[in-house]
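All the letters of the sequence shown, read from the start, carry residue numbers 39 to 221 under the working numbering.
Notes to accompany the following structure.
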Amino acid sequence: MALREVILTVLAHRRMTGYEIAHDFDRALSYFWRASHQQIYRELASLDKDGCVKFKVVPQTGKPDRKVYAITTRGRDELKKWVAEPTPPPQPRYDLLVKLMAGLLVDKASLHREMERVSVESRAILKQFRRMRRQCAGQPLETMAEYEQSLYLALRRGLLQVEAQTKWLGEVTEFLESGSLKR
């Protein structure tokens with residue numbers, strides 16, 4: 039997946055300015071895709087050049103004009119083609135797994151500190167995901183728009199992954215402290 043497809047997906051939901059797209063990245067999309075504001079604006083220019091999006095200039099008083107972007111038929115066709123392409127399964131590549139193997143051989147104390155640091159970050163993300171889930175719980179899922187439902191499903195995947203990560207990190211910490219494996 040490329041930034042191109044993420045932006046087309048966002049614009050398929052509704053018209054937005056580059057700023058609004060960047061804000062969506064900062065607020066909701068950053069948990070499964072990261073992009074800087076500069077990358078977003080560069081990609082919007084490329085999508086415009088390729089005819090996948092169009093924009094309308096909206097004048098503002100005392101501020102620069104806003105560009106409100108919308109997906110075009112060509113953009114929807116590209117997005118439809120991309121959705122139909124096979125998606126490879128997630129790859130288990132994760133630096134922390136190699137650090138686990140290396141750390142046991144060369145520096146258990148540093149490994150233990152790194153596992154604790156990742157545990158703290160994982161618990162913070164888990165707390166955030168659970169807060170987001172509680173916010174969704176106030177609204178019946180069947181009354182959500184399809185786009186909101188897809189964001190909820192992405193949240194559920196992230197939540198399950200971080201719960202599994204947190205559990206696994208607890209097992210690694212227990213192993214580092216006691217030397218015994220949990221089965």
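Even glycine gets a Cβ: it sits at the ideal position worked out from N, Cα and C.
Please read all numbers here as calculations on a predicted model, not as lab measurements.
Buried or exposed: where does E180 fall if 16 or more other Cβ atoms within 10 Å of its Cβ makes it buried? So E180 counts as exposed.
Out of curiosity, what's the CA-to-CA distance linking T111 and R172? Per the coordinates, the alpha-carbon of T111 lies some 36 Å from the alpha-carbon of R172.
At a cut of 8 Å, does the region 103 to 121 reach the region 44 to 54 through at least three beta carbon pairs? Under the three-pair Cβ rule at 8 Å, the region 103 to 121 counts as touching the region 44 to 54.
Could you check where the beta strand (DSSP E) with Y107 kicks off and where it finishes? Note, Y107: beta strand (DSSP E), 104 to 109.
Using DSSP's beta-bridge definition, name the partner residues of K220. Answer is none; K220 lacks a bridge partner.
Mapping the DSSP letters down to three states, classify M170 as helix, strand or coil. Collapsing the DSSP output to three states places M170 in a helix.
In the structure shown, what three-state DSSP assignment does K87 receive? In this structure, K87 counts as helix in the three-state DSSP scheme.
Out of curiosity, what's the CA-to-CA distance linking Y185 and L117? Whole-angstrom Cα-Cα distance: 15 Å.
Whole-angstrom Cβ separation of M153 and V210, contact assumed at under 8 Å? M153 to V210, Cβ: 5 Å. Contact.
Let me check understanding here. Comparing Cα to Cα, which of K205, T99, G100 lies closest to L164? Nearest C-alpha to L164: K205.
Where does S216 land, buried or exposed, given buried means 16+ other C-beta within 10 angstroms? By the neighbour-count rule (16 or more Cβ atoms within 10 Å), S216 is not buried but exposed.
Is the beta carbon of S157 less than 7 Å from the beta carbon of V200? The answer is no: Cβ separation not under 7 Å.
Using the C-alpha atoms, what's the distance from K92 back to F213? Going by the C-alpha atoms only, they are around 56 Å apart.
Among M182, P126, L193, nearest to Q283 - alpha-carbon criterion: Missing from the structure shown is residue 283; the chain here goes from 39 to 221 and no further.
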